[in-house]
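> Got a structure for you, written out below as structure tokens; questions coming shortly.
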Amino acid sequence: MIVAAVVAAVFLGLSASPALAVDEGVPAYDSGYGSQTDLQQQTKKKKYALNKVKKHSKKKYQKKNKAKSKKVAAPPLS
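Heads up, the sequence shown is in numbering that gives the first Met the number 0, so the first residue is 0 and it goes up one at a time.
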């Protein structure tokens, strides 16, 4: 019973201290990009765009190789 009272007093004392209180006006992660979720959305968009470019260039390269292999054919035997 005494232990519970001490734990409750310590908990209430810590949560009421201004040094540990969280300011609700400032997001937890602020580096100039806005909130954490905004930063995650930007990162997802960048990764999606980068993957799209990679896939496109890969397909373009594969098409080039196909075209090269078709052009190089054996000369006619006549």
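No residue lacks a Cβ here, since even glycine has one placed at the ideal position from N, Cα and C. Predicted, not measured: the structure shown is a model, and the values here were computed from it.
Out of curiosity, what's the CA-to-CA distance linking K53 and T42?
Near 16 Å, if we compare the C-alpha coordinates of T42 and K53.
> Does L38 come out as helix, strand or coil in the three-state DSSP assignment?
L38: helix per DSSP, three-state reduction.
> In chain order, what residues of the same chain lie with their CB nearer than 7 Å to the CB of A48, ignoring the 5 residues before and after it?
There are no such residues.
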